[in-house]
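K.L.:
End of the sequence shown sits at 95 in the numbering used here; the numbers just go up one at a time, nothing left out.
Note that CB positions come from ideal geometry on N, CA and C, so glycine has one too.
All figures in this text were calculated on a predicted structure; none of them were measured in a lab.
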Amino acid sequence: MNRSNVPIPEFRHVELGQHDSVRSHVQQQVCDEVRQLERRIASLRLVQAPHAEIMISAYERMIRRKKGFLQNWGM
């Protein structure tokens, strides 16, 4: 098929944050990710890994960003 004959779809502007099902799914996903990171931090604190503190710091930063995202979106 010739590319010039392919119809270009029309895009509608959709505010995904306005749909409760999407908001709920995103909130659940981010909360699950935060819990997983918190478990990783707890595990790292129990071992004497050479780079544990660096990894803990990175995970804590990720948690702060994810929680900030949730707060900014009112979730």
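1) Rounded to whole angstroms, what is the Cα-Cα separation between residue 69 and residue 95?
2) Report all residues from its chain with a CB closer than 7 Å to the CB of residue 57; omit the five preceding and five following residues, and keep chain order.
3) Locate the alpha helix (DSSP H) running through residue 92, then write down its first and last residues.
4) Please say whether residue 61 and residue 76 have beta carbons closer to each other than 7 Å?
5) Candidates 72, 30, 49: which alpha carbon is nearest residue 89's?
6) CA-CA distance, residue 63 and residue 53?
P.N.:
If we stick to the structure as given:
1) Going from the Cα of residue 69 to the Cα of residue 95 covers about 35 Å.
2) 79, 82, 83
3) Counting along the chain, residue 92 sits inside the alpha helix (DSSP H) bounded by residues 72 to 92.
4) yes
5) 49
6) 15 Å
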